[in-house]
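Numbering (my numbering), first residue to last: 148 to 389.
Even glycine gets a Cβ: it sits at the ideal position worked out from N, Cα and C.
Model, not experiment: these values are computed from the prediction.
Data first, discussion second: the structure below is written as structure tokens.
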Ligand SMILES: NC(=O)c1ccc[n+]([C@@H]2O[C@H](COP(=O)([O-])OP(=O)(O)OC[C@H]3O[C@@H](n4cnc5c(N)ncnc54)[C@H](OP(=O)(O)O)[C@@H]3O)[C@@H](O)[C@H]2O)c1
């Protein structure tokens with residue numbers, strides 16, 4: 148189904164696994180992230196994987212880099228945005244720099260990359276945008292206000308994009324993983340329903356391949372947790388530690 152893809156945030160974790168699974172199925176993939184050495188490791192041994200060093204906070208670089216990658220690949224039918232950060236935030240810590248970074252990487256960078264892809268796909272009446280959001284965006288949580296806000300914003304942005312472009316044949320997909328075993332969750336102790344990055348990638352790509360502008364929890368059983376968490380009234384939710 149896909150032939151040419153960009154994966155933003157593919158130097159490790161879920162994005163790396165998505166890029167490799169796409170390449171294994173014959174897709175040519177531009178692999179983006181800040182760490183050049185990690186990008187080269189990901190691309191080693193496959194002529195389908197092409198590294199491009201990029202910091203998503205360099206928003207002004209995106210239009211030219213997007214055009215260059217599309218020209219290098221000879222087209223584009225899939226954009227995956229998996230870049231994300233979740234710095235640790237201590238109880239009682241209110242650190243604007245951390246919050247700003249989470250909003251810049253998790254949300255504004257996604258807008259910077261999805262906008263040119265949406266415009267291109269809308270004009271072509273075809274194409275898929277896959278955003279890796281999170282179950283963390285279902286409620287504002289005390290543990291990491293900036294992260295939950297960034298994922299709620301990403302989920303809302305993807306929904307708006309879907310409402311805007313699905314009528315033009317563009318497939319906009321939101322994957323909302325629970326806990327995934329990556330650098331992001333290292334040191335967090337025992338986590339509920341933790342799955343490997345390969346499995347999160349497989350399920351996220353399956354949503355994208357459906358071609359019906361899907362929204363899905365990864366794995367699907369997190370939808371039950373989301374339903375419960377969303378049903379808890381605010382006065383009660385603030386007394387919990389989730
Ligand atoms: N792990 C989980 O339990 C979990 C659950 C739900 C959702 N998610 C989401 O899944 C996505 C992938 O995270 P992960 O778990 O796979 O963690 P990860 O291994 O830390 O991957 C994060 C990726 O984002 C890239 N990135 C971060 N800042 C960037 C920047 N300024 N510019 C370009 N790329 C940047 C990193 O590349 P560089 O460092 O090379 O730049 C890396 O490729 C994130 O959006 C995360 O919020 C994760």
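What do you reckon, is the C-beta of residue i under 7 Å from a heavy atom of ligand 1?
i, result
"residue 329", "yes"
"residue 351", "no"
"residue 364", "no"
"residue 152", "no"
"residue 288", "no"
"residue 332", "yes"
"residue 165", "no"
"residue 381", "no"
"residue 326", "yes"
"residue 253", "yes"
"residue 279", "yes"
"residue 232", "yes"
"residue 161", "yes"
"residue 204", "yes"
"residue 158", "yes"
"residue 185", "yes"
"residue 293", "no"
"residue 264", "no"
"residue 336", "no"
What whole-angstrom Cβ distance do residue i and residue j have, given they're in contact under 8 Å?
i, j, result
"residue 189", "residue 174", "Actually they are not in contact, since the Cβ atoms of residue 189 and residue 174 sit about 14 Å apart, beyond 8 Å."
"residue 312", "residue 384", "The pair is not a contact, with the Cβ atoms about 33 Å apart (cut-off 8 Å)."
"residue 176", "residue 195", "6 Å"
"residue 324", "residue 365", "4 Å"
"residue 198", "residue 186", "4 Å"
"residue 204", "residue 239", "Not a contact, Cβ separation roughly 27 Å."
Cα-Cα, which of the options is closest to residue i?
i, options, result
"residue 180", "323, 200, 380, 292", "200"
"residue 236", "252, 274, 290, 169", "290"
"residue 156", "283, 260, 195, 194", "260"
"residue 421", "258, 300, 246", "The structure shown does not extend to residue 421, since the chain is modelled only from 148 through 389, so no value can be given for it."
"residue 350", "298, 254, 168, 318", "168"
"residue 272", "148, 382, 316", "316"
"residue 278", "309, 184, 295", "309"
"residue 182", "230, 149, 280, 206", "230"
"residue 252", "186, 265, 283, 228", "228"
"residue 202", "232, 281, 380, 333", "232"
"residue 379", "220, 288, 153, 209", "288"
"residue 301", "326, 170, 258, 238", "258"
"residue 333", "152, 159, 274, 363", "159"
"residue 226", "214, 153, 266, 256", "153"
"residue 368", "386, 387, 341", "341"
"residue 372", "326, 335, 337", "326"
"residue 330", "148, 234, 318, 149", "234"
"residue 318", "275, 357, 338", "275"
"residue 210", "219, 262, 170", "262"
Taking buried to mean at least 16 other C-beta atoms within 10 Å of its own C-beta, is residue i buried or exposed?
i, result
"residue 249", "buried"
"residue 243", "exposed"
"residue 314", "exposed"
"residue 359", "exposed"
"residue 304", "buried"
"residue 285", "buried"
"residue 375", "exposed"
"residue 297", "buried"
"residue 321", "buried"
"residue 224", "buried"
"residue 280", "buried"
"residue 184", "exposed"
"residue 355", "buried"
"residue 222", "exposed"
"residue 363", "buried"
"residue 387", "exposed"
Strictly under 8 Å for the Cβ-Cβ distance: is residue i near chain D by that measure?
i, result
"residue 174", "Annotation note: the requested chain D is absent from the structure, which comprises a single protein chain."
Original post:
Quick one: any contact between the region 335–353 and the region 162–176, if contact means 3 or more CB pairs under 8 Å?
Top reply: yes
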